[in-house]
């Protein structure tokens, strides 16, 4: 069958090939344009989209004004207007999609030509705009001279200076088309996945309705925003990253109003949950969703999706915690971790004696960096560690080592964490017990799964597939959910105790009243 019809990937590639040829044909035409003329293409694209949806947006504005002007409007009339608004919105989205499909070859060519000019020129001069002046006031890679803005082809990304040296190859154009069409594009390491994203991100940002770029960790979100951002900002598109700002803050709300918004799947998810709990439209941070690209989609939509995002509140039982029962276990766990961190800190100091004067060997620096990172992930609030991080070069080494192990979705991070009893994500105040920690805390319990949550989804699926009677299936499900509830409370209690010992300062960030942490 494959020989006759080909497989799905081959058919998709055959469909995309003519578009790639058109992109390259348009790209060849742009070489003779001035930098200002190249930037003007973006304004022309935006205007074309605005004209296409003008009638729908004007009508929507009229309907919204009618609703606002008449607070006593009959509920059925109000409902009819909202239904019409929804239909107009759907029509506008379809029309935007049609325009984007038409301009795709030209838009992709503009991004490719921009990448080429930054690669081949140390400076790119253009007539200064308000956004140019705003960026120049905040960052060093843009400066203003009279009415000219000079964009350097090097800038900071994740604390390191990068020199732009990339231009899109055909395989990246293919990936860009696939992503614009909502398909999953699998690319190998080195094929330039991050560069691919600039194509559909730019194209969909032209609609002015926001583009979300979803990554697996905050390091990648911040790095990619800083690395790819200037290519988009050069064309007047605003770029921001929600992970730079506190939840529910004006800065985060502004980040969502940017043309292109980077962030982690967890932060996007929690903002969505918080918005669904908001009591007034003014409390919302996200706007209506338009287009998103998900990096490492298998990890985000499959692996990470197994861990639900939960915004917890008071339970009907009134916060009955088993602190007294589990406190001795957590004390034992914390004592072991503190002893380990002390040993690791001593090891780091010995390895990094020559860090400041440059006499430390590469091997010592790597081992010392690993030891410091383990200390930081084990007990970030340890006073001796905080003091050591203030010494010259140590904090920079910590950040560099952490960045190294966070690459590729943090696949190498387990090598760092395997020696610890528990891992602390300081930014989110999250605790995760390691295998070593689970063994220690449940060592005197016969049940090896005592502190491990059951796989509810998988187990229920197995129950449904079984040949048991309906009554037996119901009994097993009830038993499973009861076990889930007990273990949830047990693990929550342990996590609260670890936080109290390792993260918070007693009587400042928490108090103990009636045997409860408050």
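Numbering (our numbering), first residue to last: 528 to 1045. Just so you know, even glycine gets a beta-carbon here, dropped at the ideal spot from N, CA and C.
State the beta-bridge partners of residue 1065 as determined by DSSP. No answer is possible for residue 1065: it lies beyond the span of the chain, which begins at 528 and ends at 1045.
Please work out which residues of its chain come closer than 6 Å, Cβ to Cβ, to residue 798, disregarding the five sequence neighbours upstream and downstream, and give them in chain order. Counting from one through the chain shown, the residue named residue 798 turns up at place 271. Result list for residue 798: 812, 813, in chain order.
Within a Cβ cutoff of 8 Å, which residues of the same chain sit near residue 987, ignoring the five residues on either side of it in sequence? To locate residue 987, count along the chain shown from 1; it is residue 460. Only 1004, 1007 meet the Cβ criterion.
Given this structure, state the Cα-to-Cα distance separating residue 546 from residue 579, to the nearest angstrom. In the chain shown, residue 546 corresponds to position 19, counting from 1. In the chain shown, residue 579 corresponds to position 52, counting from 1. So the alpha carbons of these two residues sit roughly 23 Å apart.
Could you spell out where the alpha helix (DSSP H) holding residue 873 opens and where it closes? As a first step, residue 873 must be located in the chain shown, where it is residue number 346. Unbroken alpha helix (DSSP H) run through residue 873: 850-878.
For residue 951 versus residue 924, is the C-beta distance shorter than 8 Å? Position 424 of the chain shown, counted from the first residue, corresponds to residue 951. Position 397 of the chain shown, counted from the first residue, corresponds to residue 924. No, these two residues do not count as a Cβ contact at 8 Å.
If you reduce the DSSP assignment to three classes, tell me which class residue 1019 lands in. By 1-based counting over the chain shown, the position of residue 1019 is 492. Of the three classes helix, strand and coil, the one that applies to residue 1019 here is helix, per DSSP.
Restricting to Cα atoms, I'd like to know which of 685, 972, 674 is closest to residue 933. To locate residue 933, count along the chain shown from 1; it is residue 406. Answer by Cα proximity: 685.
Counterpart residues of residue 670 in DSSP-defined beta bridges: To locate residue 670, count along the chain shown from 1; it is residue 143. The partner list for residue 670 (beta bridge, DSSP) reads 677.
Across which residues does DSSP place residue 960 in a beta bridge pair? The sequence position of residue 960 within the chain shown is 433, counting from 1. Answer is 949, bridged to residue 960.
What residue range does the beta strand (DSSP E) around residue 688 cover? Walking along the chain shown from the start, residue 688 turns up at place 161. Its beta strand (DSSP E) spans residues 687-690.
Check whether the Cβ atoms of residue 637 and residue 700 sit closer than 8 Å, and answer yes or no. The residue labelled residue 637 in the question sits at position 110 within the chain shown. The residue labelled residue 700 in the question sits at position 173 within the chain shown. Not a contact, by the Cβ cut-off of 8 Å.
I think residue 734 touches residue 576, with their Cβ atoms under 8 Å apart; what is that distance to the nearest whole Å? Within the chain shown, residue 734 is the residue found at index 207, counting from 1. Within the chain shown, residue 576 is the residue found at index 49, counting from 1. Indeed, because the Cβ distance is near 6 Å, the residues count as touching under 8 Å.
With 16 other Cβ atoms within 10 Å as the buried cut-off, status of residue 997: Your numbering for residue 997 matches position 470 in the chain shown. Counting Cβ neighbours within 10 Å, residue 997 comes out exposed, since fewer than 16 surround it.
Less than 8 Å separating the beta-carbons of residue 787 and residue 732? For the purposes of this step, residue 787 is identified with residue 260 of the chain shown, where counting begins at 1. For the purposes of this step, residue 732 is identified with residue 205 of the chain shown, where counting begins at 1. Taking 8 Å as the Cβ cut-off, residue 787 and residue 732 qualify as a contacting pair.
My understanding is that residue 707 touches residue 729, with C-beta atoms under 8 Å, so please give their C-beta distance in whole angstroms. The sequence position of residue 707 within the chain shown is 180, counting from 1. The sequence position of residue 729 within the chain shown is 202, counting from 1. That belief does not hold up - the Cβ atoms of residue 707 and residue 729 are roughly 10 Å apart, past 8 Å.
Strictly by DSSP, which residues pair up with residue 768? For the purposes of this step, residue 768 is taken as the residue at position 241 of the chain shown. Paired residue(s): 789.
Cutoff 6 Å; reference residue 765; Cβ partners in own chain excluding five residues on either side: Stepping through the chain shown from its first residue, residue 765 is reached at position 238. Here the set comprises 785, 786.
Taking Cβ positions, are residue 822 and residue 690 nearer each other than 8 Å? Taking the chain shown and counting its residues from 1, one reaches residue 822 at position 295. Taking the chain shown and counting its residues from 1, one reaches residue 690 at position 163. No. Outside cutoff.
Kindly indicate which three-state DSSP category residue 819 falls into: helix, strand or coil? Start at 1 with the first residue of the chain shown, and residue 819 comes out as number 292. In the structure shown, residue 819 sits in a strand (DSSP, three-state: E or B).
Quick check: the segment 548-563 against the segment 615-627, are there 3 or more CB pairs under 8 Å? no
If you check the beta carbons only, do residue 769 and residue 737 fall under 8 Å apart? Position 242 of the chain shown, counted from the start, is the residue given in the question as residue 769. Position 210 of the chain shown, counted from the start, is the residue given in the question as residue 737. Not in contact: residue 769 and residue 737 (Cβ atoms no closer than 8 Å).
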